[in-house]
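Residue 17 is where the sequence shown starts when you use our numbering, and the numbers rise one by one after that.
Beta carbons: idealized from backbone N, C-alpha and C, even for Gly.
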Amino acid sequence: AQAARLYERHKGEEPQKRKQKIIRSLLQKGFEYEEIRRAVEKLDES
Numbered sequence: 017a018q019a020a021r022l023y024e025r026h027k028g029e030e031p032q033k034r035k036q037k038i039i040r041s042l043l044q045k046g047f048e049y050e051e052i053r054r055a056v057e058k059l060d061e062s
């Protein structure tokens, strides 16, 4: 859910940069890298 929110917030940015920002903010919130990566990949497909 949080990945989706961040995804919306960084909508206007180029995909690679956006992905890195999302991963960075979620890591700071204490999420596991693997979890984040899966969530981001799911969002990319939609």
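From which residue to which residue does the alpha helix (DSSP H) around residue 41 run?
The residue labelled residue 41 in the question sits at position 25 within the sequence shown. Residue 41 -> alpha helix (DSSP H) spans 31-44.
Range covered by the alpha helix (DSSP H) that runs through residue 51
In the sequence shown, the residue the question calls residue 51 occupies position 35. Segment 49-61, the alpha helix (DSSP H) holding residue 51.
C-alpha gap between residue 24 and residue 59, whole angstroms
Translated into the one-based positions of the sequence shown, residue 24 becomes position 8. Translated into the one-based positions of the sequence shown, residue 59 becomes position 43. Their backbone Cα atoms lie some 10 Å apart in a straight line.
Is the beta carbon of residue 19 closer than 8 Å to that of residue 42?
Numbered from its first residue, the sequence shown carries residue 42 at position 26. Numbered from its first residue, the sequence shown carries residue 19 at position 3. Yes, these two residues count as a Cβ contact at 8 Å.
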